[in-house]
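Undergrad:
In my numbering, the protein residues as written are -7 to 244.
1. Once you ignore the five residues that flank residue 212 on each side, which residues in its own chain have a CB closer than 7 Å to its CB?
2. Would you list, in sequence order, the uninterrupted beta strand (DSSP E) runs of no fewer than 3 residues that lie entirely inside the stretch 122 to 189?
3. Please name the residue, chosen from 225, 117 and 122, that lies closest to residue 106 on a Cα-to-Cα basis.
4. Run the CB neighbour count on residue 178, radius 10 Å, all protein chains shown included, and call it buried at 16 or more, exposed below.
5. Could you tell me the distance, in whole angstroms, from the CA atom of residue 27 to the CA atom of residue 18?
6. Thinking just about the alpha-carbon of each residue, which of 225, 154, 103 and 159 is nearest to the one in residue 214?
7. Output the boundary residues of the alpha helix (DSSP H) element that contains residue 217.
8. Could you give the C-beta distance for residue 94 and residue 76, rounded to a whole number, given that I count them as a contact under 8 Å?
9. Once you ignore the five residues that flank residue 188 on each side, which residues in its own chain have a CB closer than 8 Å to its CB?
10. Thinking C-beta only, is residue 51 closer than 7 Å to residue 134?
11. What's the C-alpha gap between residue 111 and residue 22?
12. Got a sec? Which residues, its chain only, sit under 8 Å from residue 203 by beta carbon, not counting five neighbours each side?
13. Using CA atoms only, rank isn't needed, just tell me which of 170, 159 and 124 is closest to residue 56.
14. Quick one: measure Cβ to Cβ for residue 80 and residue 61, integer angstroms, because I've assumed they're closer than 8 Å.
15. Classify residue 52 as helix, strand or coil using the three-state DSSP reduction.
16. On the DSSP letters alone, give me the boundaries of the beta strand (DSSP E) that residue 203 sits inside.
17. Ignore the nearest five residues each way along the sequence and tell me which others in residue 164's own chain have a CB closer than 6 Å to its CB.
18. In whole angstroms, give me the CA-to-CA distance for residue 108 and residue 115.
19. Quick check on this structure: which residue in 168, 15, 219 and 224 has the alpha carbon closest to the alpha carbon of residue 29?
20. Got a sec? Which residues, its chain only, sit under 7 Å from residue 97 by beta carbon, not counting five neighbours each side?
21. Taking buried to mean at least 16 other C-beta atoms within 10 Å of its own C-beta, is residue 59 buried or exposed?
22. Do residue 201 and residue 74 come within 7 Å of each other at the CB atom, strictly closer than that value?
23. What span of residues does the alpha helix (DSSP H) with residue 230 cover, start to end?
24. Fully enclosed by the stretch 69 to 110, which beta strand (DSSP E) runs are 3 residues long or longer?
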């Protein structure tokens, strides 16, 4: 499981190789594919898990989302114990489906993007084992495709962020009660409870960091993440991208 190419485009009428005859959406897809095919830094697929479990060389990340757009992400990697919480931006909510269950699936998939951007400096060029508790979001991300346009766009953004960071990622399902990110996704509701204090309270070893989510401009141009990866590898001090969306402004 990991980054996959978007599905091929099959226009209803013939076009030339320059995309003449494409509508705006297909023109954007053509440019997207061109940048992807020109990218020179695809990570090797080398993920291995032994019968004894994960090695210390694998990062473990978790994400969760609520139906109201709350996001929570958690990282365990070597000495790192990090978590972040926030709420999806209004522009993102307005673009998503009005169907409650479909919207939850979209939020859950977006949580994986937020996890990668939030922990980017720790995860870059790492092997990552990521857990989430939504099989629809997991399936779309693993397959690199969704028949629902909004979810497909999330998959494209997720793939570009993974490629930017050079991640060798495996996506796995876990049940909700076993997902530690379930707590920060409901931060305002659960903080201070016994369950919260046991997992993330003082003495737990976990540190809060800002939750990072793509900007609307980045969402509309996911190939920008590939361009940033190329610039960084050329020695240019380019940020990974995204903006801070902490639920209460306390992260970091």
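All C-beta atoms in this analysis are idealised placements derived from N, C-alpha and C, irrespective of residue type, glycine included. Please read these numbers as outputs of a predicted model, since none were measured by experiment.
TA: Looking at the atomic coordinates:
1. On the chain shown, residue 212 is found 220 positions in, with the first residue counted as 1. None.
2. Correct list: 160 to 165.
3. Position 114 of the chain shown, counted from the first residue, corresponds to residue 106. With distances taken between Cα atoms, residue 106 lies closest to 122.
4. Here residue 178 refers to the residue found at position 186 of the chain shown. By the neighbour-count rule (16 or more Cβ atoms within 10 Å), residue 178 is buried.
5. Along the chain shown, read from residue 1 onward, the residue named residue 27 stands at position 35. Along the chain shown, read from residue 1 onward, the residue named residue 18 stands at position 26. Spanning the alpha carbons of residue 27 and residue 18 requires a straight line of approximately 14 Å.
6. In the chain shown, the residue the question calls residue 214 occupies position 222. Residue 214 has its Cα closest to that of 154, out of 225, 154, 103 and 159.
7. Position 225 of the chain shown, counted from the start, is the residue given in the question as residue 217. Segment 216 to 225, the alpha helix (DSSP H) holding residue 217.
8. Position 102 of the chain shown, counted from the first residue, corresponds to residue 94. Position 84 of the chain shown, counted from the first residue, corresponds to residue 76. About 25 Å; that fails the 8 Å criterion.
9. By one-based count along the chain shown, residue 188 stands at place 196. Within the same chain, residue 188 has close Cβ partners 175 and 182.
10. Sequence index remark: in the chain shown, residue 134 carries index 142 (1-based). Sequence index remark: in the chain shown, residue 51 carries index 59 (1-based). Their beta carbons are not under 7 Å apart, which means residue 134 does not touch residue 51 by this criterion.
11. Locating residue 111 in the chain shown gives position 119, counting from the first residue. Locating residue 22 in the chain shown gives position 30, counting from the first residue. Their Cα atoms are separated by approximately 30 Å.
12. Indexing the chain shown from 1 puts residue 203 at position 211. Contacts found: 63, 65, 76, 77, 78, 106, 110, 236, 237, 238, 239 and 243.
13. In the chain shown, residue 56 corresponds to position 64, counting from 1. Measuring from the Cα of residue 56, the nearest candidate turns out to be 124.
14. On the chain shown, residue 80 is found 88 positions in, with the first residue counted as 1. On the chain shown, residue 61 is found 69 positions in, with the first residue counted as 1. Their Cβ separation, rounded to whole angstroms, is 4 Å, which keeps residue 80 and residue 61 in contact under 8 Å.
15. Along the chain shown, read from residue 1 onward, the residue named residue 52 stands at position 60. Strand.
16. Counting from one through the chain shown, the residue named residue 203 turns up at place 211. No beta strand (DSSP E) holds residue 203; DSSP gives it neither H nor E.
17. Within the chain shown, numbered from 1, the residue matching residue 164 stands at position 172. Excluding positions up to five away in sequence, the list reads 123.
18. In the chain shown, residue 108 corresponds to position 116, counting from 1. In the chain shown, residue 115 corresponds to position 123, counting from 1. When only Cα atoms are considered, residue 108 and residue 115 end up about 7 Å apart.
19. By one-based count along the chain shown, residue 29 stands at place 37. Answer by Cα proximity: 219.
20. Locating residue 97 in the chain shown gives position 105, where the first residue counts as 1. So the qualifying residues of the chain are 126, 128, 129 and 143.
21. Within the chain shown, numbered from 1, the residue matching residue 59 stands at position 67. Burial call: exposed.
22. Along the chain shown, read from residue 1 onward, the residue named residue 74 stands at position 82. Along the chain shown, read from residue 1 onward, the residue named residue 201 stands at position 209. Yes, they are a contact pair.
23. Counting from 1 along the chain shown, the entry for residue 230 is found at position 238. Careful: residue 230 lies outside any alpha helix (DSSP H) and carries neither H nor E.
24. 72 to 79
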